[in-house]
Amino acid sequence: MPDVARSRRALRLLQVGMGDWGRDWAWRIIPGVKAVKLVGCVDVRPEALALARSQVGIPADRCFTSLGDAMKATSPDGVLVTTTLPGHVPAVRAALAAGKHVLVEKPFTGRPAEAHDLVRRAAARDLVLMVSQNYRFFPAVLEVSRLVRKKALGELGQIWIDFRRYSPVGPNGPGTHHVIEQPLLMDMSIHHFDLLRTILGREAKSVSCYAWNPHWSGFAGPPTAVASIVFDGGLVASYRGSWISAGPSTPWAGEWRMEFEGGEVMWTSRGEDSAPAEVVVVQRRGKAPETLPVPAMKLVDRWATLAEFAAAVRNHREPQSSGRDNLGSLALMNAAIESARRGRPVGVQR
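Structural data, given as structure tokens:
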């Protein structure tokens, strides 16, 4: 365990992957978390490192094209992996082998076997391995989780989730999600699947999913899907998501309706540019709708994710959305993809 666990100094963080999203982490997120300090960055593309220097202000001697060289030069406590998905496994594996704690962007990996292997490697070396499932870290999610846990409206019976966005190909060409095989289920629905597990405290048992790609969409893979997910105890969640919706856009967490014995909870979360869009409305049977207050949070979104990672390292504990916990979200995502490919329900194999 690196000595940050026994000191009050900031966790030394090395970042791997300096594309658009990675630079956003370096410029906007990391400076907002006092518990961490960026000590260097890595990218195999010189042009990405040039942008990291010019846009983020990272010194040239802190920019590397080799993760191994960067770890030797900067002696980090932890590694933040913000590469595209193909880079996740090799970067996480190398960091763990060097004895570094790791925070990796979602989705964790593309293949369940790889995720299980990385979780085992982290456990064997007593290292923190966390997946950035940042939608967990918002006030509405905490409040709805509390309502479910306390059974404030009795037993939960059914859930409906709608996610609607319009993401056309822009004038500068397609974005990353326009060209990947599963732009909705892998790039976005993983957030909603993880929220389901977080809020319910249950694991998915089976899923029936249909995904499709209209010829005019501009996406290489299916940008829209519907799914029915069965959880432990027989609870069913109905999910609809679309990157090509002509309807009103939802906040990024989607619009949720949760039907209980004693009424319904309607909620949403995460607005534009990480701003909270927290709404929790309870309608008890025979009563008028009531908007509930949500908990105050000092940090939300990726700022809270990064702070949780640093706290887990410092306190030698498992973080929320650890690699081990994320296996359930990854399994649900992969089962939905497999169901859509096969055209029939499939079991969720964690």
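Read in order, the letters of the sequence shown correspond to residues 10 to 359 in the working numbering. Yeah, the Cβ is synthetic: ideal placement off N, Cα and C, and Gly gets one too.
- Distances from the alpha-carbon of G337 to those of G26, Q142, R326 and V42 put Q142 closest.
- The stretch 320-333 makes no contact with the stretch 178-191; the number of CB pairs closer than 8 Å stays below 3.
- Here T91 carries a coil assignment [DSSP, helix/strand/coil].
- Within the stretch 277-344, the alpha helix (DSSP H) runs of at least 4 residues that lie entirely inside it are, in chain order, 310-324.
- Within the stretch 91-150, the complete alpha helix (DSSP H) segments of 4 residues or longer fall at 97-106 and 121-133, listed in chain order.
- H97 sits buried, since 16 or more C-beta atoms from the chains shown fall within 10 Å of its C-beta.
- Here T207 carries a helix assignment [DSSP, helix/strand/coil].
- Within the DSSP bridge table, the entry for G356 names S215 as partners.
- Counting only residues of its own chain and dropping the five nearest sequence neighbours on each side, S217 has a CB closer than 6 Å to the CB of S237, S348 and P354.
- Residue burial is scored here from C-beta neighbours: G49 has at least 16 other C-beta atoms within 10 angstroms and is therefore classed as buried.
- The residue among V235, S154, D171 and P177 with its C-alpha nearest the C-alpha of W225 is P177.
- Each of N343, E114 and P304 was checked against the Cα of V88, and the nearest Cα belongs to E114.
- The alpha helix (DSSP H) runs lying completely inside the stretch 19-78 and spanning 4 residues or more are 29-33 and 55-60, given in chain order.
- Taking all protein chains in view, the Cβ of E317 is crowded by 16 or more other Cβ atoms within 10 Å, so the residue is classified as buried.
- Note on H200: 16 or more other CB atoms within 10 angstroms of its CB, so buried under the neighbour-count rule.
- For the pair I170 and A100, the CB atoms are not nearer than the 9 Å cut-off.
- In the structure shown, S258 falls within a coil segment according to DSSP collapsed to helix, strand and coil.
- By the neighbour-count criterion, in which 16 or more other beta carbons inside 10 Å mark a residue as buried, E287 falls on the buried side.
- Here DSSP, grouped into helix, strand and coil, assigns G271 to coil.
- In the structure shown, G243 adopts helical secondary structure according to DSSP, grouped into three states.
- DSSP places G166 inside the beta strand (DSSP E), whose first and last residues are L165 to R173.
- If you check the CB distance, A132 and R333 come in under 9 Å.
- Take Q167, set aside five residues on each side of it, and the residues of its chain with a beta-carbon closer than 8 Å to its own are L244, V245, A246, S247, M267 and E268, in chain order.
- Judged by DSSP secondary structure, V178 falls outside any alpha helix (DSSP H); it is assigned neither H nor E.
- Annotated three-state conformation of I346 is helix, per DSSP.
- Look at R351 here: in three-state DSSP terms it is helix.
- G250 sits close to T233, with the two beta carbons spaced by under 9 Å.
- In the displayed model, S154 falls within a helix according to three-state DSSP.
- Here the alpha carbons of A79 and T277 stand approximately 41 Å from one another.
- The Cβ atoms of A57 and M27 sit closer than 9 Å to each other.
- The alpha carbon of G31 has as its nearest neighbour, out of E273, L20 and A61, the alpha carbon of A61.
- Buried is the label assigned to Q24, since at least 16 other Cβ atoms lie within 10 Å of its Cβ.
- According to DSSP, R17 shares a beta bridge with no other residue.
- Put simply, the stretch 299-313 touches the stretch 133-152. At least three CB pairs are less than 8 Å apart.
- One alpha carbon belongs to V322, the other to K296, and they sit about 46 Å apart.
- For S198, the three-state secondary structure derived from DSSP is helix.
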